[in-house]
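Position 44 of the sequence shown, counting from 1, maps to 24 under our numbering, and the rest follow consecutively.
Virtual Cβ for every residue (Gly too), placed ideally from N, Cα, C.
Each remark here refers to the structure printed beneath this line.
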Amino acid sequence: MAHAPSLRRLFGPWTELRIDVQLPTDSVEAEIERVKARLHAAGRSLRAMTLLDLRLPGLAFRHREADGEHFVYVEDLANGRLAGCTVFNRLIELDRRADRLLRSPHSKYGRLYQRRGIASAVYRWALDRGMCLISGPRQSTGAHALWHSLAKHHPLGYVTLKDKGLGYLGRAIGAETLEDFHTRMILLGQGWDLEGFLREVRATVPEPTGASALHPAA
């Protein structure tokens, strides 16, 4: 199935994922300009998109959906510029059952708009509407911190993704498993519990299941 062009081009104590992606500021700014140019070339106006009820001073959040992927563009109202965007991608590595539930988020925000809670607000919007998230095999320092912050309110765990199937690994994994390219983090959206999610995606689950492993710490 063809997917729309997107930004993909360019768990007790938490075990650390691989953190080795940190794009140069100039690269991020250039990518945002390319996103803006693509929107203009496609005749897509930010003002024509759905306005989300996310309230951060001076910013407007615009949403569109295409081929099952969600695009949230953040507009700096005072300066009339694109602050950046988050894309919730479909993954061709997932089978159809998991593809219905999981999206992989990728964010790009300009230097002036970082550390302002923008990506956090967008991710919470997605999780609160029941979207479940899966990480890529690599994360930036900022993305890593964001996922763990969100885990205070949403279940987080580790899975392995191989041959279009998911295998549940738990909240804590060993260093060797951690370094495996197929290891990913997941965050469960509103309304999902571990048992229901694993059953729905037909994930393999080791015994014992550790059913509480994806629940937020008290």
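Within the stretch 95 to 137, note down every full beta strand (DSSP E) run reaching 3 residues or more, in order along the chain. 112 to 114
My assumption, with CB atoms under 8 Å, is that T127 sits in contact with M165. Please give the rounded CB distance. Looking at the sequence shown, residue 127 is not Thr but Trp. Between W127 and M165 a beta carbon distance of about 6 Å is seen, short of the 8 Å cut, so the two are scored as contacting.
Whole-angstrom distance between H162 and H134, CA atom to CA atom: H134 and H162 have their C-alpha atoms spaced approximately 22 Å apart.
With distances taken from CA atoms, which of Y148, L168, K144, R118 is nearest D75? K144
Can you tell me where the beta strand (DSSP E) holding E49 begins and where it ends? 49 to 56
Any idea if P85 is buried or exposed, counting beta-carbon neighbours within 10 angstroms, 16 or more meaning buried? Buried, since its Cβ has 16 or more Cβ neighbours within 10 Å.
Secondary structure of V67, DSSP reduced to three states: strand
Who are the Cβ neighbours of H50 in its own chain at under 6 Å, not counting the five residues just before and after it? F68
Smallest Cα separation from L62: which of R42, L36, T157, T121? R42
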